[in-house]
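Trainee: Let me begin by handing over the structure; questions about it come next.
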Amino acid sequence: MKILHWLDRHIEEVLLVLFSTIMVAVIFMQVVMRQLDNSLSWTEELARYCFIWLVYIGISYGVKKDRHIKVDVLLLMLKNKGKIILTIIANLLFIAFAIFVIRYGFDIAMQLLSFGQKSPANQIPMGLIYLATPIGMGLTLIRLIQNLVKHIKALKHEMNQDKKIEKLG
């Protein structure tokens, strides 16, 4: 159980650090090799694929930390209960989008894996690169559901507070 709790708290950070480290290391290696008039053919491709994985894992991390860019003009005009309801609606729409992306992203990745297509320089199966989409959005879906549960609990708390105030008045 401790392992699951640790993974829940740190999986995105570990993956982001891993892919960032690989990306920076191979780009640095490419810069050094170019200065020595000896370019490497595989570094740019590997850095690009690490960046793709970074983007999709980063979406999940942004949802987890609630750090995505959003237009919050309506949120500023609403009271606590209204803010929570609007956030729940936005999360439900994002969940629908995530499910759509997971379904079709997985289909495309599996199709590429079945074709056996590989990247030119590193010979990485292209299906593994395309799996970044359903895996990243799968993590995002988990974080969205966690946020949804948290906001529903907050909404119930707000409604209970309103009932207590009505009884006093």
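If you read the sequence shown in this note's numbering, its first letter stands for residue 954, the second for the next number, and so on.
Every residue gets a Cβ at the ideal spot worked out from N, C-alpha and C, and that includes glycine.
1. Give the list of continuous alpha helix (DSSP H) stretches no shorter than 4 residues that lie fully inside the region 970-1044.
2. DSSP state of Pro-1073, grouped into three classes?
3. Can you tell which of Thr-1040, Gly-1011, Ile-1010 and Tyr-1014 has the C-alpha that lies nearest to the C-alpha of Lys-1023?
4. Write down the C-beta distance between Gly-1195 and Pro-1087 rounded to the nearest angstrom, noting that I regard them as a contact closer than 8 Å.
5. Can you grab the Cα-Cα spacing for the pair Val-1019 / Arg-1001, in whole Å?
6. May I ask which residues mark the beginning and end of the alpha helix (DSSP H) holding Pro-1087?
7. Leaving out the 5 sequence neighbours to the left and right, which residues in its chain are closer than 8 Å to Lys-1036 when beta-carbon positions are compared?
8. Quick test of the definition: if touching needs 3 or more C-beta pairs under 8 Å, does the region 993-1009 touch the region 1080-1099?
Mentor: Result, derived from the coordinates:
1. Listed in chain order, they are 996-1018 and 1026-1030.
2. Coil, per DSSP.
3. Per the Cα distances, Thr-1040.
4. Any property of residue 1195 remains undetermined from this structure, which presents the chain solely from 954 to 1122.
5. Inspection of the sequence shows that residue 1019 is occupied by Asp rather than by Val. The alpha-carbon of Asp-1019 is positioned some 26 Å away from that of Arg-1001.
6. That run of the alpha helix (DSSP H) goes 1085-1121.
7. Excluding residues within five positions, the ones whose Cβ falls inside 8 Å are Leu-1028.
8. Two segments are said to touch when three or more pairs of C-beta atoms, one from each, lie closer than 8 Å; by this definition the region 993-1009 touches the region 1080-1099.
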